[in-house]
Structures are given as structure tokens and as C-alpha cells.
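Take a look at the structure below.
In the UniProt record's numbering, the protein residues as written are 1 to 1170.
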């Protein structure tokens, strides 16, 4: 189905209608939604002048005078109208469509007046309630949602907040506009552009049409672009084989894999045989999965039908023991199938922050579809500006582009002489080429991600990890052969190139980033090689390069750049900052120049041969919309996606640093002079992100430009000056413009975005933090809560907290108003859509962010503010290990005993002259100690006694002049500082209660969503009747009774502990464990008592916790079933459910690995007895 929406700004003109008619004829939509018709009446003749399709129907909202008006037209052969609702700002039509249930489509034209917008949102909320669940709404909303939807940005307005709240509360999807950023402009010389038009749709619509795309079309008239929502599927040919990690869950998989692996007989090179063996296993796998797995949907449907039949039989008179056993077995199969399905979608979605086993398959499904839609290439513009729309021409253009990209131009090779190459040591060179060991190979394999995208062989690393004992001997032989020959065969080094759009408006193939998907065998080989190379880079790479070198971090470059710019501004000296962009940096590296660099930097001939083998044997197939097309042989470039590429690129880019240093030595470049020592800094690098600092003299910038041109010629790394920018410091605009013209680049204003952080901005301004708030808001978008479980929402919040704000917070202090805004976003996201407690914030936020040991899951706060407040506590905890005594303060640091010497000897400390003097300055380098202490006056008798006591206490101290002082962190076993240990120490000292039953809740071997529920129960925050009386009285039961016993009022303690039905289940559990039991006062106490139900063995503890939690869970299910479904089950049924759930959870734990589920169910005591 194809839906077009367009604000045409009036249909009165015959010429405009003719233009629109021609446009619709070429696009051939199924539904047309027109806003601002400016017509009071739309008859058949008038509608026919707009769209000429033969079978059509329509509904119109008349214009108010000469403004407004809506017209929706559809093809009546495809869509049949059932109902129409016309509002003040919208028209909604209920359609029937073959193959699905009824669906609603709404067209809106939002008011421009802020006073009317409130009515607009009320109307849309009403429509949402009417149209649930299948709803798509589109049109001109006349408001933007985010600041990025206006050219140049916008501050957050109340209308934007209302729009965002509407989308979030209705849980609508807001799909990206693929080929444009804006949908309206004022069409002036300096245009104002906004995204006013869009389609939104419900989660269910997204599931029905998972491949829907939203695009902007060519604007023929009006100041709005037409937009289209196309739900048609994509068919571009067969997709390659992909190993599914869910197959590893099959009990017979490893045994079958061993048979297949040993069943292959072949001859030839070891690498070639290994790849042929994988192909043999692939063929066997395809046969096996058809018989063992079949279609997940069909199997799931069959199990659900069987369970429905069991329920029906039970309703009619009960189940015999055989049927009960069959039902338990089928439930177990269903749980296993759901886990397999989730692993399948998790692997496809590539989302790492949500764990398996928590029923997030719909979320993974949505992410997978979203990723595929973003990468989908519907049309492409070639170099001549022609738009290609069919599969053959698009594929031909892509293959031609990559053949040209990876072909090295003919011409002589160039080298560089006269530089300080800083070669690696001979020991390092020998270590690089030492024989490969089985331990080294194994370590590399288990460091790789199990779910990484698959290469041409189709296998994930997970299979190598799970079957390491089967394949290790063959793999070690492959490495031994590579060590001898340095050759990698072409099948091992084949790659897929996947095209990732760099921006929403991706028209040309150059707008896509090529990422290589390499074979699993090659991935393992280069993982080992890159691990070795990483260990020696620090010997040869210049200190200005911050990427991929041990001990250097991305924040170093950002911090230094900020300090340099701030100091230059304060000094009043003129200067420029030049930020360059390398054109296709990785793809243009010349192989012969790389080999020349390796030789100059001291790498051995064998290592250089290995690198040549890794590069020269590569070939590519391009994945065009999921289907592999053509093969391209490369003669230059490094692959993005190859673990070796970043390190090789760093070696090449380091030559530029060496050239700049040489120019500085000859006083051809000055750079900036910074710090007390007036240190010269001319540039900073982080991989290909390079920034230069220069004075404002044209001669110096001309020298820099010449150096860049020479470097580009010899290495292949050419600077794209059109995308490079120059920024002035204390420089007038005219001078900056002249320099930009000389460099052929742009003159831009502050702040600069450098390595993802603003350089030269004001962190105290709230606008500085808008990118962070907007990114968090988009990540916590409303649609995700419909697919994510409670754990998924927690983990997503943690992900946003850790990666989005923390990077900014590493350098800048966040204003309190921004922190409050982010916290509000997290709170609202966490508690939205949580079962019965929808939109109720069940637990106070100050409890939520406490550490897990005292009752919660995660924590966060502004780190700089926190560090400033707790630095004193940090100093008190830190211990020092004395070496030479140069860095430890004699009086104030904690190095002798549990208190500083200043605290132990306060009278001496008060009169000492230098309170910050070091140990070595007081005692000297060796015995006898000098005791170089200066006091402000002569000491009294008591002070002399203190001094004598101090000297005696240090009699056993010895300094080691050759050993530096060190810090020790006593709160961790390693002695190294960790944020977690410090945070827990602060939490304990803050007076927070430590009695929360964290081990019972968080260490139990049950699904996290169950742990989260039990956490709510422990805090008595589930929506029992007593809580509903407070939160939502209209939803509470009246009178206030427990639905299970029909007597007492319902509270968490009563429902889960004291109710006659529940206490009977508890008694049965304790009788099974042969324990006497008296009901404690509260459910909190029940969780806190450490019962030895099934013994002290690991299995006994796991099963007791699982059984107790299963009882709580089943009681809650039964309570809800009786209230909402009017279904009541007897205690025998509930006990069977408890036994099944607890046994299933135990079966999935490591403690019960290898024990069949039915054995666990039969006798809990027996399976827990050692």
C-alpha cells in the first residue's frame, strides 16, 4: 500500500491541479491525503481533476473561508470504507483490507495558533482511543518534534514538548524520513526549513507492515514537499546462508557438528581444507535444520493449539496423569522455542544491551526491520546526475563505483626519507613473528563477539566458541601454515560489503559507508595479528596520535584541544584551528606505501609478508539490499570491519605527524605555544580525525597545505578540502575568509564538533546540552516501551546513561536543570506501560537509583559534582605504598596506619612549616634518616615527646630509591580503583539500610522480569488493592477485600503471605522440605530469612529461591485471573504451576546443567542432595 500526503497550499488553480494530477499519475498511490485544499466543496468532478484513477472514493473536511481544508482520496478497488470520523483538524477513515483486519488512516492539518494546538492534541488523543490498534496518521502537523528538525536548530518550545508527549503516550512509531531532513521551506534566498509533515503509526501497524518506508518526493509546487509511506516488501534476490545461534541450543547440535566435521575428507592447503570443511558442514546443517527446527511459527502454533486443547479438556472434567505430563512437556518446548526465537532476532538486530531470556522478540524484530529499512536502496543517483530506479542499473552503478574505488591508479611508487621513524625494537620485531600458540588462538576466539555480522562463509564466531574442542587441531594447523608461508587463500579472505547510509539524505553511492563483513576464519587470524601489533604500536606512533595505541584515550585529544583553544583565547593572540576531512580515508591507502612504512619502522620481512598476504588476497561481493552482487578484486585500501585495518591505518597516518615534526624542526611551522613551558603543539590526531593549530600567517598555512598535498600524493590519503573547515581565534572575519579562500576550505564559526564533543562552546548554557537530551529522548522513544520488558527498559536507560551523557560529563559539568530533565525522561520511560501500574511511578526515584545491594538495580549522578563532594572520602580510603617517597606527602597522605600522620600527631602538625612536604624530603634517600623537619617555633616538652614517638614508629621503614611510590585501593582485591567499590562504600557510609534481601531477589536464577516483580513486592509497591486506593481509587475493588479468600483487605503482606490460599501453598512447600515454619510478620521478612529449605548445596539454594519466587508469581497470576478474567483455579492446580515454573527455572540454571527437566520435577529433594 502506498500513501501520499501533501500540503498543496490550495487547489483553486487549474494549473496546480493539472500538475498534481500528473504527479499522482506518475506515483500511482493507493491513498492520497491533501491538506490546505482551501475549498468548501469537493464534488466528483473536482476530485477527478486532482486524481484520475477510475475507482475512487473520498472524504473532505471543508475549508474555513480561504484557509484549511482536507481531502482524502483512495482506490476503492483496494480499500473499502467502513466508517468515517470528521473532526476540526482531521479526517479519519476506517478501511477493510484483504488479508488483515480493519485499519484506520487519518489525515491531519494542524493549527498554527498555539491556543488551538491544545484542542488539536485533545482531538488526536480521542482518535487514538477510537482507532486502536491499527492506525496510521499523516499530514501537516504544523509543529516540529525535535530541535534538529529546523535548519540551524531550535530551542525546545511547549508545542514541541506537547507533540513529543502525544507520540510517546500513544506509543506511536515515528519512522525516519529517508531522503530528506525537512518537508517545508519558506523558499527564500536564506531559507528557513522545518520538518512539519510526517507519518506516525501504531505498533500493530508496524508489525502488519514491517518494511514500511517514509520518503520525501520531488516538490513540483507548494512550499511543502509531498511525503509517501510505502508498505511494499523488498525483493532483490536470494540472501546468503547465515548461521543462527539458536541452533546451538539444540541438545544434539554439538554431537552432530563433531560428526560432520570429522566426516569431511580433503587434500590441499590447510586454509583451503578448513574453508571446504565449513562448506561441507553448511550443507549438512541445511538438511538438519529442516528436520530438527522447521518453521518456528508453525511449531509455535502447533504447541499453542495443543495447550489450548489441554485447557479445554481440563474445563470439561479434568486431565489424567498422562495428559498432565504431556502439558508440562509441551510448556517446556514452548519456553525453549521462545528462547530460540529471541536469540534468532537478537542476532539479527545486533542489539547488545538487552540480554537473552526476557521475551524481547518483538523489540528485536522491530530493530531488525528498522535497520533493514534504513539500509534499503530504492533509487540511486549516478555521477551524471541520472536517477536509477531498477535493480539492474543500481547494481551495475554500485559495482562500477567499487571497482574504481579499490583499483590503484597506475604510476610509480613513492617513499619518504629524512624522517625520525622511531622504529620498534628488535625484541618487539622478533616477538611479532614468533610461532602462534593454541592458547593465543583460543584467547582471540573467545574475545570476539558471538553475534557479529556474518561474512561470506555464513558462520558466527559462536560456533567456534561452542565447538572449540572439535575444531582447534585443524585451526592450529592453519595458523602454522600461515606462519610458514604468509599466504591466505581467496576463499578465506573473501568479503561482503554492506552499505550503511551516512545521513538520512543518501542519494549517491558515495553517501554510503562501506563496511566489510569478513569470513570467520580470517577474522580469527587477524584478531591474533592485531593483538600482537597493538602491543608494539606505542613504541613507534607519535604522541599526538590518540587512537588504537595502548594507554591513550579519546578524551586525551578532546581535553588537550579544549585547553589549547581556551588558553589561546585568553592570551589575546591570533590563531586558527584547521579541521580536515580525509577523502575515503581507509579506502585510498596505497599498499606499497604501507609496506614502505612498515620497513622504515623496523618490522621484519616475515611480518611484512603476512601483511601483504592479508591485503593482496582480498575480494569483495557487495550486498545490495541483502543480496550478494558481483565480485570485485582490490589493489588498494584497508577494509572497515577488518580488526587489523585501524592499526595499519594508524601507522600510515603517523607519517603525517613525522612530516609535521620535521617542518617544526626547520621552523616552517610554528603551531601554538601553550603552558608554562611554552610547549609547541601543531596538531592532534585520532585515527583520521585530524585538527591543526597554526598562527594566522599565510606562509605557515601555505606550508601546511603543501604538506597535506604531498602526503596525500604519496600515501593515497587525500584531504577533501571542500569538507574541511578553518576557525579563527581572536581573528576578524575578513582575515579568516582570506585564509579559507587560500586553503580552498570553509570558514566556520564556533563551537567545533571534535570527536563528538563541542570545542569552544559554553557548557553552562542549557543549549550546549541539547544534543545529549535529544539523543536520549530519541533513544527512549515511546515505541520501544511497547516491545521492551521491564529489564529491557532498565538496560536501555543504563545504556543511555553510560554512553550518552557520560562522554560529555567527562569534560563538562552538567547544569542542574539539564540533569533534572534527563532524569524525568528516564523516570517516565521506566514506568510507562508496566502492566496494571501503567504510568504509575511505583517506587520513588531516590530508592530506584540506590545500589543493587540495598534494593535496586542501577545508579547515576553527575560525576564531577559527585567527585567534588566526595573527594575527601576518596582521600581517606586511598592507601599509599612507599617506594622512594618522592610523591607521598609525609603529613597528609594515608601511608602509615589507618590515619594520616597529621591526624596521629596533631600538635606537631600545627607547628610544622611545610605541611605538604614529601617523605623523601623529610627522611632522605637512605638510613640513617635526615629528619628534615622545620617548625615555626621551638617545641614544647609534650611536642618533643610526640616527635620521639613519631621517630620510633618509623624505625622499621626503608625507602627504595629505584622504586616509585604507588597508590593502593583497599576496597578491591586487585588493589586497583573501581567506581563500583567506591560507590558501594559511599552508599554504606550514607546511612542507607543494608537489610534489603538482595541475594534473594537479584541472585536468584529466574528471569529478570520476575526479579523485577519480586523487587516491587519486597518494597510493597505492586498494585494491590490498598495501593490502588491511594493511587487510583476508581480502579480499586469495592469493598476492600482479597479476591482469593474473600475476607480481609488486600495488601502485599496479606496477598503473598497471610491469605488462607497463599499460606496453604507456603505450608506445602515447607512440608516438602521437611521444615517447621511459622509465618513471619511481612513478605519482606520472609525474603530476608535464610531458610535451608533444600539444603546448603548450590542446587538446594537455587531451587529453594526458585520455588519461593514461583509461589509469589503464581499467586499474583491467580489474583489477576480472578479479577480480570473471572477464572478461579484450585490450590492443586496452583501447586502444579509452582512446581513447573521452579523446575523450569532451575533447569535453565548452571547448577542443574545436564539434568533433564522431568527428573527435576519428579523429586526436588533428590536432585538437591549431593
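For every residue, glycine included, the Cβ atom is placed at its ideal position computed from N, Cα and C.
Spatial neighbours of residue i in its chain, beta-carbon cut-off 8 Å, leaving aside the 5 residues before and after
{"i": "residue 1126", "result": "none"}
{"i": "residue 563", "result": "674"}
{"i": "residue 517", "result": "453, 454, 455, 456, 495, 496, 497, 498, 623, 641"}
Reduced DSSP secondary structure (H/G/I, E/B, other) of residue i
{"i": "residue 659", "result": "helix"}
{"i": "residue 744", "result": "coil"}
{"i": "residue 1043", "result": "coil"}
{"i": "residue 1116", "result": "helix"}
{"i": "residue 594", "result": "helix"}
{"i": "residue 679", "result": "strand"}
{"i": "residue 542", "result": "coil"}
{"i": "residue 1059", "result": "coil"}
{"i": "residue 771", "result": "helix"}
For residue j and residue i, the rounded distance between their alpha carbons
{"i": "residue 313", "j": "residue 1141", "result": "22 Å"}
{"i": "residue 1018", "j": "residue 1050", "result": "15 Å"}
{"i": "residue 972", "j": "residue 985", "result": "11 Å"}
{"i": "residue 632", "j": "residue 581", "result": "26 Å"}
{"i": "residue 1002", "j": "residue 1101", "result": "13 Å"}
{"i": "residue 574", "j": "residue 697", "result": "9 Å"}
{"i": "residue 212", "j": "residue 199", "result": "11 Å"}
{"i": "residue 572", "j": "residue 897", "result": "50 Å"}
{"i": "residue 664", "j": "residue 806", "result": "36 Å"}
{"i": "residue 594", "j": "residue 656", "result": "13 Å"}
Exposed unless 16 or more other CB atoms sit within 10 angstroms - verdict on residue i
{"i": "residue 688", "result": "buried"}
{"i": "residue 395", "result": "buried"}
{"i": "residue 414", "result": "exposed"}
{"i": "residue 1007", "result": "buried"}
{"i": "residue 125", "result": "exposed"}
{"i": "residue 463", "result": "buried"}
{"i": "residue 410", "result": "exposed"}
{"i": "residue 742", "result": "exposed"}
{"i": "residue 153", "result": "exposed"}
{"i": "residue 931", "result": "exposed"}
{"i": "residue 958", "result": "exposed"}
{"i": "residue 1005", "result": "buried"}
{"i": "residue 944", "result": "exposed"}
{"i": "residue 1170", "result": "exposed"}
{"i": "residue 1159", "result": "exposed"}
{"i": "residue 22", "result": "exposed"}
{"i": "residue 1011", "result": "buried"}
{"i": "residue 543", "result": "exposed"}
Same chain, Cβ closer than 6 Å to residue i, neighbours up to 5 away in sequence not counted
{"i": "residue 1137", "result": "1114"}
{"i": "residue 555", "result": "810"}
{"i": "residue 970", "result": "879"}
{"i": "residue 30", "result": "1, 2, 75, 78"}
Cβ distance (whole Å) where residue i is taken to contact residue j below 8 Å
{"i": "residue 471", "j": "residue 228", "result": "The pair is not a contact, with the Cβ atoms about 50 Å apart (cut-off 8 Å)."}
{"i": "residue 728", "j": "residue 721", "result": "Incorrect: roughly 17 Å between the Cβ atoms, too far for contact."}
{"i": "residue 895", "j": "residue 882", "result": "6 Å"}
{"i": "residue 193", "j": "residue 151", "result": "4 Å"}
{"i": "residue 9", "j": "residue 222", "result": "5 Å"}
{"i": "residue 598", "j": "residue 606", "result": "So it is not a contact: roughly 11 Å between Cβ atoms."}
7 Å CB neighbourhood of residue i in its chain, flanking five on each side removed
{"i": "residue 1070", "result": "1077"}
{"i": "residue 97", "result": "79, 103"}
{"i": "residue 768", "result": "758, 761, 762"}
{"i": "residue 1139", "result": "1161"}
{"i": "residue 204", "result": "133, 134"}
{"i": "residue 1089", "result": "1080"}
{"i": "residue 1064", "result": "1131"}
Interface flag, residue i vs chain C, CB-CB below 9 Å
{"i": "residue 377", "result": "Absent here is chain C; the protein component of the structure consists of one chain."}
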